[in-house]
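Presented below is the structure to which this report refers.
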């Protein structure tokens, strides 16, 4: 069983993944894979070639790169063209069963058909913004990321299951536990 966890920034995807890990399920996170790629010399060289202002002394300035790709669609598409194949390869190489994958950019990655279940984690935009502000993300940055992501209505079209995260953290965690028990047994 391969399960994708999708949703917009601040929706609660990472918490659902944390619950899966606590349950002993093998998990991958596209964001974690991306962080590993940022330490890979070949990947950083490819980034430097495409985004020279974002790499200094062999290190990626994530803040500069993020500001660029969330303000310019062409740059975002170029970054996705570099990152998605590498992330996709890592996910496809994992043969764990069950496997839960946090995949924020499901539609953009072209991996929709690689999963048995697609779990959408949702929360109202105002709730997501408040959560992000609590984590130190400026509101304008949160809104810029949200504008760059597919709207929830598009994600609902591909989701096989939905977890509503408009309540408390414990409500989310219990809902995730219940659903993962069903899917992973």
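Residue numbers (our numbering): 343 to 527. Note that beta-carbon positions come from the ideal geometry of N, C-alpha and C, so glycine has one too.
By Cβ distance, which residues of its chain are closer than 6 Å to residue 367, with the 5 residues on each side in sequence left out? Same-chain partners within the cutoff: 440, 442 and 526.
Alpha carbon to alpha carbon, how far is residue 451 from residue 505? The straight-line gap from Cα to Cα measures roughly 22 Å.
Are residue 444 and residue 522 touching if we call contact CB-CB under 8 Å? Not closer than 8 Å, so no.
Mind checking which residues open and close the beta strand (DSSP E) that includes residue 344? Counting along the chain, residue 344 sits inside the beta strand (DSSP E) bounded by residues 344-348.
Measure from the alpha carbon of residue 455 to the alpha carbon of each residue in 393, 514, 502 and 369, then state which is nearest. Comparing Cα-Cα distances from residue 455 to each of 393, 514, 502 and 369, the minimum goes to 502.
Quick one: give me the first and last residue of the beta strand (DSSP E) that residue 504 is part of. Looking at the DSSP string, the run of the beta strand (DSSP E) that includes residue 504 is 503-506.
Can residue 497 and residue 484 be called in contact, C-beta distance under 8 Å? In this structure, residue 484 does not lie closer than 8 Å to residue 497 by Cβ.
By the three-class DSSP mapping on this structure, what secondary structure does residue 464 have? In this structure, residue 464 counts as strand in the three-state DSSP scheme.
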